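Residue numbers (the working numbering): 20 to 875.
By construction, the Cβ of each residue, glycine as well, lies at the ideal position given by its N, Cα and C atoms.
Everything numeric in this text was worked out from a predicted model, so none of it was measured.
Here is the structure we will look at.
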DNA sequence: GACCTGCTGCGGTGTG
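Written out as structure tokens, the structure reads:
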């Protein structure tokens, strides 16, 4: 370890205790998972293990090292005779370390970090990148010879495994490091990584695997998954704890004038601009891309002098522009960057002074991740300023503050048996030299996700890749593998080529490039948005107002618009639910408020609103379930408030509607948000306690939900991704990209064909399972329903919409395209009522206080 | 005067 310690000393550093722990463990041949926030030397902790090992071995070797020594091959007479040129050639140490990261940009940065000690210690290691960023020439060369350390992505690893010659190259591998494992865990990319690792482990039983992760609710599980089934004794090593996080909230001056619903929060532009002004650099996180665009505009409008000091960053902005923004952020050029999760992790930039979270953070892990972007200096505190976009978000911030205090960090659940990923992997392995059935099955079962893979499932998957299952056997293009002499191989070079071009598990909506007339790429926008525009229409994108000139070859050509304003694109992104922890904490907060306890500034600021809720209706609490009934001209509204996050509410709402329709046929409109559910019926709908009890029952839960899933488009949509990953639909050669709707059309065709002719198709089962697990959070839903079933029901008839009901009502109106006039009227009336009541409340409190003073 | 939503990420053939 001496040279390593010296190296640290030269730089004026001292190794952390956890780093020494990792080195010792590495030396002992162990594997493990290191968890710590970013910026605490996790990278070096695992990198210097193999480096030190090499130095140790080098000491034992004669000076003139030859390749055969290092690789452990039999040492021949070559050693003593090694000519100087031979040494130079042989000095390149063979492939030893594989480094996997989830991001290309991170991979590029990592190569640089790994090279630093290699250069300083003058060891003859080569470190190279292997992602989609490297040229075809380099890729080709790497097929012949790998560097000492290769930094890559899960997808590129799969590609490597699809080449037969890789098996020999990988024989010398000693260590795999999976960076940002928490990002991969719980995704199909993670499963793909697990399968790749299972393969590498089989080739090198002594392989050491190290994971790097941020703090997570289920670290032990994360570690087990990475190590694979049946592997024990892996170490869980904790790095330094997350530095202190200081959360503050921008509280609207007059809560009674702050909207009850909405998500933009533009009322707070002024105070937020002041907060930005007060810090040297600010990172402003929003939850959606369109919010980024809107807030960028809003800040410039507020402070025109900031035009060159504010930048924006989100996933649809062109890569080149994003890298530029990142580089200037690192240089400290910006006053403020408005961004989405695109800056959550990945590339390293100098820490900013202040982080702002606009709107709900949805989870504690996410809040910590974002807060960690500020105050990197040792001993510094991460500061995050939360900005609400509607009143109830104050409660979420209060809950988040409590969550931070208790460090209740969300877990990421690993996937179980995603067969589409397995199908893809089988073709990959078949291309990479073929496989023998029993041997591969054992290997697959050593991957955590497939540890319980049944014989039946295995046979089905094999049948699917060799014949296309029972429905597609007439089509030779789906007989992708052929069995010859007990070995499965890819049936034709064409299939092999098409397969390589479709490796990966990330699927996306159809997007179009947005280019200026001169060809400069601004970014991408969804086809569905562009298709609603006609030439000459203006829209805001990448911080500019653009005019659509024409659409050609899946590209929208634009030019700067003369107008000042344009519509803001909508991207159909993911929808986060409030996390389990955060919703639990929110319910606890309401429990406290109900008995008059308000902890923290946020909760106190919210007091008038909660009192209003109590006055007009009732404040929901954990052991009872509040149901409000209100009649308006639109019909009968029923509101339920489980506070379980929007996905669970979506599932519950579908379930209620389904069960109601079974009681009596009717049309029900359903709307949900993170706090509750609204059922709206245009004809009178009377629901008594007994009716609600039948809606809340756990009996036949799975069956009923599956019926909902089958009746709706949910499974069909989910199947589209599965068909892509399993290689049923392929997207063609680069450059001749097909429109996404073609892919969709063909995946729909498969869905119909399988429904009719292959009812036992396990990929169809999988799509239903994914809808339940991922789209409706089934397990959480079941727990929620259990709570509802046990809870006391409180039915309240309200004369007007309560503060909790109003956001759902607003959402409902929006969904039904009610004119804005009507909307405005309604909102205004609500506001007036609110203001009157708030005034009353103030008067009452003042009286109360003077009474107490008198009593004292 | 409040409404208008919805994250991130990867990969790509062919042999003169």
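Classification of residue i by the beta-carbon crowding that lies within 10 angstroms, buried from 16 upward
i, result
"residue 520", "exposed"
"residue 591", "exposed"
"residue 157", "exposed"
"residue 502", "exposed"
"residue 496", "exposed"
"residue 400", "exposed"
"residue 32", "exposed"
"residue 499", "buried"
"residue 733", "buried"
"residue 525", "exposed"
"residue 684", "exposed"
"residue 729", "exposed"
"residue 630", "buried"
"residue 578", "exposed"
"residue 379", "buried"
"residue 686", "exposed"
"residue 673", "buried"
Secondary structure of residue i, DSSP reduced to three states
i, result
"residue 358", "strand"
"residue 303", "strand"
"residue 254", "strand"
"residue 45", "helix"
"residue 730", "helix"
"residue 56", "coil"
"residue 50", "coil"
"residue 329", "strand"
"residue 769", "helix"
"residue 67", "helix"
"residue 575", "strand"
"residue 557", "strand"
"residue 232", "strand"
"residue 743", "helix"
"residue 507", "strand"
"residue 101", "Summary for residue 101: the model assigns pLDDT 38, below 50, so the residue's position carries little reliability, and this model does not support an answer."
"residue 587", "coil"
"residue 640", "coil"
"residue 387", "helix"
"residue 619", "helix"
"residue 534", "strand"
Check whether residue i and residue j have beta carbons under 8 Å apart
i, j, result
"residue 200", "residue 245", "yes"
"residue 640", "residue 623", "no"
"residue 269", "residue 290", "yes"
"residue 264", "residue 65", "no"
"residue 453", "residue 494", "no"
"residue 799", "residue 659", "no"
"residue 167", "residue 119", "no"
"residue 699", "residue 831", "yes"
"residue 601", "residue 803", "no"
"residue 53", "residue 70", "no"
Residue i versus residue j - alpha carbon distance
i, j, result
"residue 161", "residue 771", "43 Å"
"residue 511", "residue 122", "32 Å"
"residue 301", "residue 163", "47 Å"
"residue 650", "residue 552", "39 Å"
"residue 327", "residue 533", "23 Å"
"residue 105", "residue 340", "Low confidence applies to residue 105: its pLDDT is 38, below 50, so where it sits in the model is not reliable enough to give any reading."
"residue 333", "residue 343", "13 Å"
"residue 695", "residue 665", "8 Å"
"residue 320", "residue 583", "11 Å"
"residue 697", "residue 259", "46 Å"
"residue 208", "residue 818", "51 Å"
"residue 780", "residue 488", "8 Å"
"residue 112", "residue 448", "27 Å"
"residue 2", "residue 407", "Nothing in the structure corresponds to residue 2, since the chain is present only between 20 and 875."
Are the stretch 715-722 and the stretch 401-413 in contact at 8 Å, needing three or more beta carbon pairs?
-> Too few Cβ pairs lie closer than 8 Å, so no.
Using 8 Å as the Cβ pair cut-off and three pairs as the minimum, do the stretch 457-468 and the stretch 272-284 touch?
-> no
Give a yes or no on contact between the stretch 241-257 and the stretch 353-365, applying the rule of three or more CB pairs nearer than 8 Å.
-> no
Inter-stretch contact at 8 Å, needing at least 3 Cβ pairs: the stretch 804-814 / the stretch 634-648 | yes
Hey, is the stretch 145-159 in contact with the stretch 187-195, meaning 3+ C-beta pairs nearer than 8 Å?
-> no
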